[in-house]
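Novice:
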Amino acid sequence: MRRGTQWVHGWLLLLPAAALLALFTHYPIVATLWQSFHSTARAGRGSTYVGIDNYRALLDDPIFWQSLSNNLWYAAVTIPLSIALALLMACWVNGKIPGRALLRLAYFTPTILPMIAVANIWLFFYTPEYGLLERFTTMLGLPTHNWLGSKNTALSCLMAVAVWKEAGFFMIFYLAALQQMSPQLAEAAAIEGASRWYFFRRVTFPLLMPTTLFVLVNAVINAFRLVDHVVVMTRGGPDNATELLLYYIYEIGFRFWDPAYAATLTIVLLTILGVAALAQFGFIERRVHYR
Amino acid sequence: MSAAVYRAGALGRSLETAGAWLLGALWILPLAYAFWTAFHPPEFSTRFVLDAPVTLENFDRAWHAAPFARYFLNTVLLCAMILAGQLVLCTLAAYAFARFEFPGRALLLALVLLQLMVMPDVLIVENYRTMSALGLRDTIVAIGLPYMASAFGIFLLRQTFKTVPPELDEAARVEGCSPLQVLWKVYVPLARPAYIAYALVSVSYHWNNFLWPLIITNSVESRPLTVGLQIFSATDQGIDWSIITAATLLTTAPLLVAFLLYQKQFVQSFMRAGIK
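If you read the protein sequences in the order shown, they are chains A and B.
Those letters in the first sequence? Residues 875 to 1165, by this note's numbering.
Those letters in the second sequence? Residues 9 to 284, by this note's numbering.
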């Protein structure tokens, strides 16, 4: 094929996907940035350029700071916990454990269920007095406690749901990586007299590093992208204790109808994701190189 | 970790087995609880006695309490439409990235991969505005459109197409096939496992997607199951848990049943999608 034809064919093949991507990913990113420097159009008054006023309002907004800190806590707890559990699960179901197939099923099932549905189930689980958790704690003689209604426990309750939902998903990637590892490594290590823990720490875990990075990036995205359970379980309450960034954007954008301020909040979220993106690009580069 | 070599002592092993099962039980518990409540009369919803009568009445009540049949139809249409769009668009784009030389290829690929990070889920405010401008608000098309050019699909298929030996491609061209015919006759058949994997991941994602459909839809005619379920449980039912859990199981049933039947296929698909 001639070079010119190659070019034209390449571009034409790409065109439909590129057009949609431009319309629903690239344009909105730029438009969000643009919007964040303008005011929300109100009755009788159009949207005008306001400079960094929205950002100033952001800095003075205690709910924003609370949602940011909630989200960072949420990420800091759920990400390491779900990754560690995923690794543990993968090691278990990769070995010769009794009932392996059933265990794999148990661990993985939450992954394919809609967050909205599992949130309903967990809501029931946490219900004061009737819920399973309450019945369990009263059995142990503990005082009754409104898990989702209390500022101190509501966010932790959401974290538990997220870990429960994600760990099995991440397990799959570890399992795939473990199955690709050569058994000779373990044999050699055993002959050398290395302990099992030592082998895991010095051989298995480093070899799983690419998988861990991949899972980590996914976990970071999900920690900032998935707020379905907030909608179902707490709506950001009590007293903003479970306000996560994207949920706050949703509230500002679609319940208070202030798209300009919602855009400003979105820029914060995009910045966080952008940092994650840079990490990911470095990582993809490296993978492509040794492929 | 190779179990063949590293056998823990008998005590260690039973401890580990116990731990694994405890975790497994913990993981299945919320679901088991939902099943119990859904299949028993409301007065047994939190009373666990073995002789509790089993009933399907909760499902019957849930099914008639909200237009779930319509929601099911909407979700099926939505998933089918998104998948069809994704398969076509991603195949074409992946083919371009895998086998064509053109200026700007690296930059364009980077722009595509950007969507792996900044998914449409996050750009709700501006996409809502775009959909309003296009006059598409409250339609099934509006739910699906932002997801059709999927960076994940393009990347997955590109990696797969790259493993096709160029000789096959050339042989087909020598026989007089046009680029599209080569794509259809050589690349697509060879990438079948990748397509199956992608289809499963895509359908489970969009069957479960919630926030964007919640925002963009506003009537029974366009609402998917997830949004229907949320409205049903939040407003219609007060706190009748038997009927809510029944509705919850009802909406997840097709996916759950498909998963139980094709467990291996599902797990392998998710694995394949992750490795590429």
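Cβ atoms here follow ideal geometry from the backbone N, Cα and C, with glycine treated the same way.
Can you confirm whether the region 950 to 967 of chain A touches the region 987 to 997 of chain A when touching is taken to mean that 3 or more C-beta pairs between the two stretches lie within less than 8 Å?
Specialist: Taking 8 Å as the limit for Cβ pairs, the verdict is that the region 950 to 967 of chain A does not touch the region 987 to 997 of chain A.
Novice: If I follow the unbroken alpha helix (DSSP H) through B/TRP192, where does it start and stop?
Specialist: Note, B/TRP192: premise wrong, no alpha helix (DSSP H); not H, not E.
Novice: Going by other Cβ atoms of all chains shown within 10 Å of its Cβ, with 16 needed for buried, is B/TYR155 buried or exposed?
Specialist: By the 10 Å Cβ count, B/TYR155 comes out buried.
Novice: What separation, rounded to the nearest whole angstrom, lies between the Cα atoms of B/GLU229 and B/PHE108?
Specialist: Those two C-alpha atoms are separated by around 43 Å.
Novice: Hey, how far is the Cα of A/VAL882 from the Cα of A/ALA1097?
Specialist: Roughly 41 Å between the two C-alpha positions.
Novice: Looking at the strands, I want to know which residues DSSP matches up with A/THR916.
Specialist: Just to set this straight, residue 916 of chain A is Arg in the shown sequence, not Thr. BP columns for A/ARG916 point to A/ARG919.
Novice: Would you call the region 194 to 207 of chain B in contact with the region 55 to 64 of chain B, where contact means no fewer than 3 C-beta pairs closer than 8 Å?
Specialist: Cβ pair count under 8 Å is below three, so no.
Novice: With DSSP as the reference, label A/CYS1031 as helix, strand or coil.
Specialist: Reduced to three states, the DSSP call for A/CYS1031 is helix.
Novice: B/CYS185 by DSSP, collapsed to three states: which one?
Specialist: Here B/CYS185 sits in coil by DSSP.
Novice: Verify whether the separation of the beta carbon atoms of B/ASN226 and B/ASP129 is less than 8 Å.
Specialist: No, they are not a contact pair.
Novice: Given A/THR952, which residues of its chain have a CB within under 8 Å of its CB, disregarding the five upstream and five downstream residues?
Specialist: The residues are MET1033, ALA1036, VAL1037, GLU1040, ALA1093, ALA1097.
Novice: Just by C-beta distance, which residues in the region 973 to 993 of chain A are closer than 8 Å to chain B?
Specialist: Residues GLY973, LEU976, LEU977, ARG978, LEU979, ALA980, TYR981, PHE982, THR983, PRO984, THR985, ILE986, LEU987, PRO988, MET989, ILE990, ALA991, VAL992.
Novice: Taking Cβ-Cβ distances shorter than 8 Å, what residues in chain B pair up with A/TYR1124?
Specialist: Here the neighbours are ILE132, LEU219, ILE223.
Novice: With 16 as the cutoff for other CB atoms within 10 Å, does A/PHE1079 come out buried or exposed?
Specialist: With fewer than 16 Cβ atoms within 10 Å of its Cβ, A/PHE1079 is classed as exposed.
Novice: Are any of the Cβ atoms in chain B nearer than 8 Å to that of A/TRP966?
Specialist: Cβ-Cβ to chain B under 8 Å: yes for A/TRP966.
Novice: Would you identify the three-state DSSP class for A/PHE1130, choosing helix, strand or coil?
Specialist: Correct three-state label for A/PHE1130: coil.
Novice: Any idea if A/TYR1164 is buried or exposed, counting beta-carbon neighbours within 10 angstroms, 16 or more meaning buried?
Specialist: Its pLDDT being 40, under 50, A/TYR1164 is placed unreliably by the model, and the measurement read from it follows with that caveat. A/TYR1164 should be labelled exposed.
Novice: Within 10 angstroms of its Cβ, does A/MET1083 collect 16 or more other Cβ (buried), or is it exposed?
Specialist: Label assigned to A/MET1083: exposed.
Novice: According to DSSP, is A/ALA1025 part of a helix, a strand, or is it coil?
Specialist: In the sequence under discussion, the amino acid at residue 1025 of chain A is Lys, which differs from the Ala named in the question. Coil.
Novice: Counting only C-beta atoms, is A/ALA1034 closer than 8 Å to chain B at any point?
Specialist: No, A/ALA1034 lies away from the interface with chain B (no Cβ there is under 8 Å from its Cβ).
Novice: Does the distance from the CB of A/ALA1151 to the CB of A/SER910 come in under 8 Å?
Specialist: No; because the gap between Cβ atoms is not below 8 Å, this pair is not in contact.
Novice: Going along the chain, which residues of its own chain have a beta-carbon closer than 6 Å to the beta-carbon of B/SER10, five neighbours each way excluded?
Specialist: Caution applies to B/SER10, whose pLDDT of 44 falls short of 50 and renders its modelled position unreliable; the value that the coordinates give is listed next. Closer than 6 Å at the Cβ level, and outside the excluded window around B/SER10, lies no residue.
Novice: For A/GLU1008, is the classification buried or exposed, using 16 other Cβ atoms within 10 angstroms of its Cβ as the cut-off for buried?
Specialist: That one is buried.
Novice: Could you give the uninterrupted runs of the alpha helix (DSSP H) lying entirely in the region 894 to 956 of chain A, keeping only those of 4 residues or more?
Specialist: The region 894 to 956 of chain A contains these whole alpha helix (DSSP H) runs: 901 to 909, 927 to 933.
Novice: Using only the alpha-carbon positions, how far apart do B/PRO232 and B/ALA88 sit?
Specialist: Near 13 Å, if we compare the C-alpha coordinates of B/ALA88 and B/PRO232.
Novice: If you count every other CB in all the chains shown that lies within 10 Å of the CB of A/GLY1015, and 16 or more means buried, which is it?
Specialist: Exposed.
Novice: Shorter than 8 Å from the beta carbon of A/GLY1023 to some beta carbon of chain B?
Specialist: So no, A/GLY1023 is outside the interface.
Novice: Taking 8 Å as the CB-CB cut-off, is B/LYS234 touching chain A?
Specialist: Reading off the sequence shown, one finds Thr at residue 234 of chain B, where the question assumed Lys. Closer than 8 Å to some Cβ of chain A, the Cβ of B/THR234 qualifies, so yes.
Novice: Classify B/LYS272 as helix, strand or coil using the three-state DSSP reduction.
Specialist: In the structure shown, B/LYS272 sits in a helix (DSSP, three-state: H, G or I).
Novice: Relative to chain A, which residues along the region 71 to 105 of chain B have a C-beta separation below 8 Å, given in chain order?
Specialist: Cβ contacts with chain A: VAL96, LEU97, CYS98, LEU100, ALA101, TYR103, ALA104, PHE105.
Novice: Which bits of chain A does B/ILE252 rub up against, with CB to CB less than 8 Å?
Specialist: The answer, in chain order, is ASN994, PHE998.
Novice: With 16 other CB atoms within 10 Å as the buried threshold, where does B/LEU34 fall?
Specialist: With fewer than 16 other Cβ atoms within 10 Å, it is exposed.
Novice: Please report how far the alpha carbon of B/TYR79 lies from the alpha carbon of B/GLY236, in whole angstroms.
Specialist: Going by the C-alpha atoms only, they are around 7 Å apart.
Novice: So, does the CB of B/VAL57 fall closer than 8 Å to a CB anywhere in chain A?
Specialist: Cβ-Cβ to chain A under 8 Å: no for B/VAL57.
Novice: I'd like to check one pair, A/LEU1052 with A/ILE957: are the Cβ atoms closer than 8 Å?
Specialist: For A/ILE957 and A/LEU1052, no; Cβs fall outside 8 Å.
Novice: Anyone know if the C-beta pair for A/GLY1042 and A/THR1085 falls short of 8 Å?
Specialist: Cβ atoms of A/GLY1042 and A/THR1085: not closer than 8 Å.
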